[in-house]
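All remarks here apply to the structure that follows.
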Amino acid sequence: MHLAEQGSGMTDWTEQRMAARGWFESLRDAICAEFTAIEREAGSDAEFDYAAWNRTEDDGSHGGGGVRGLIKGKVFEKAGVNVSTVEGRFSEEFAKSINGAAQDPRFFATGISLVAHMANPHVPAVHMNTRFLVTTKAWFGGGADLNPPLPYAEDTDDFHARMQVACDAHDSSYHAKFKAWADDYFFIPHRGVHRGVGGIFYDHLECTDQTTFDANFAFTQDVGRAFLDIFPALVRRRMGQEFTPAEKHQQLVWRGRYAEFNLIHDRGTLFGLKTGGNIDAILMSLPPEAVWD
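One gets my numbering by counting positions in the sequence shown from 1 and adding 16 to each.
Right under this line is the structure:
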């Protein structure tokens, strides 16, 4: 492990950065393969379209980049699965809001971000994101939350139960804490409603040495595996149900609220825009169609 002296600026976690990046990219591959398999089961030949993008710092130096993955099919009306690995310097103002960046604006960030908007309103939409960031501190964050236009208690319970299994394998306090954090975070203040039925949200799981990195990385990997286990099962459970025009309209109304949250309150959207990320990749979270009545 290569660590710079504390206090001399951004800590160099080279091996850990590459390990995290490799995991996020492999998780992307597994999720995209599963989503594509579901499309095949529905009789669709839809495929993911992958678009690589690069980021340039203000001084013209290379600042990393990523790959936006997008599928539009019979089951997944629009699903984006993105990976990115970027580095550079935060603006002086934005650095003040980032853990460990006020002292030194240099940063490294790698992660996966996923949003799926479904064709059938009985199938819940979903969001999942996990990431590893390095400033003068290093930490993992992320989570997953379910966003059904037409909630089913069975689906909600199964989603929460699977996330609890992932949490309990690492710390018995995690699920209650991270579920409450999700309920607090995924809330639309101007509407006075939650954007979905919740899940888990965590941030600043700090890594101070190899032992804490390994523990927090293992937890983050289990969150990704839990998502890959439970969400496709929920899709297969509901994707064949018939729906009415009124139910489709309810989905479009709900999508409008989802868009409001992502444009006004979502930290990931703000981070991407403030760090010069790819606009199409950042805004892939927006639904393909929505209404405001």
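Just so it is clear, CB atoms sit at the ideal spot from N, CA and C, and this is done for glycine as well.
Practice problem: Look up valine 83 in the DSSP assignment and say whether it is helix, strand or coil. | Solution: Valine 83 carries a strand assignment under DSSP once its states are collapsed to helix, strand and coil.
Quiz item: alanine 297 to aspartate 173, Cα distance in whole Å?
Solution: A direct Cα-Cα distance of roughly 31 Å separates alanine 297 from aspartate 173.
Exercise. Starting from the C-beta of phenylalanine 110, find all residues in its chain whose C-beta is less than 7 Å away, skip the five residues before and the five after it, and write them out in chain order.
Key: Closer than 7 Å at the Cβ level, and outside the excluded window around phenylalanine 110, lie Lys290.
Quiz item: With distances taken between CB atoms, is the gap from valine 91 to alanine 53 smaller than 8 Å?
Solution: No.
Exercise. Measure the alpha-carbon distance for tryptophan 39 versus aspartate 309 and round it to whole angstroms.
Key: Per the coordinates, the alpha-carbon of tryptophan 39 lies some 42 Å from the alpha-carbon of aspartate 309.
Quiz prompt | Boundaries of the beta strand (DSSP E) in which lysine 94 is found, first to last residue | solution = Note, lysine 94: beta strand (DSSP E), 92-105.
Quiz item: In terms of residue numbering, what span does the alpha helix (DSSP H) encompassing asparagine 278 cover?
Solution: In the DSSP assignment, asparagine 278 falls within the unbroken alpha helix (DSSP H) covering 261-280.
Quiz item: Going by other Cβ atoms of all chains shown within 10 Å of its Cβ, with 16 needed for buried, is histidine 133 buried or exposed?
Solution: Label assigned to histidine 133: buried.
Quiz item: Quick one: what does DSSP say aspartate 200 is sitting in, helix, strand or coil?
Solution: Looking at aspartate 200 - three-state DSSP - the assignment turns out to be helix.
Quiz prompt | From Gln257, Gly80, Arg122, Glu276, residue whose alpha carbon lies closest to that of tyrosine 168 | solution = It is Gln257.
Self-check item: Euclidean distance between Cα positions of asparagine 294 and aspartate 74
Solution: Spanning the alpha carbons of asparagine 294 and aspartate 74 requires a straight line of approximately 15 Å.
Quiz item: Can you tell me whether DSSP reads phenylalanine 123 as helix, strand or coil?
Solution: Strand at phenylalanine 123.
Quiz item: Considering only residues of the same chain and omitting the five flanking positions on each side of asparagine 115, which have a CB-CB separation below 7 Å?
Solution: Contacts found: Thr151, Lys153, Trp155, His220.
Quiz item: Buried or exposed: where does alanine 49 fall if 16 or more other Cβ atoms within 10 Å of its Cβ makes it buried?
Solution: Looking at its Cβ environment, which holds fewer than 16 other Cβ atoms inside 10 Å, alanine 49 is exposed.
Exercise. Taking all protein chains shown into account, decide if valine 209 is buried (16 or more other Cβ within 10 angstroms of its Cβ) or exposed.
Key: Burial is judged here by how many other beta carbons sit within 10 angstroms of a residue's own beta carbon; valine 209 has fewer than 16 and is exposed.
Exercise. Might you give, ordered along the chain, the residues of its own chain that have their beta carbon closer than 7 Å to the beta carbon of serine 24, omitting 5 neighbours on each side?
Key: With a pLDDT of 37 at serine 24, under the threshold of 50, the modelled position of this residue cannot be trusted; read the value that follows with caution. Result list for serine 24: empty, nothing under 7 Å.
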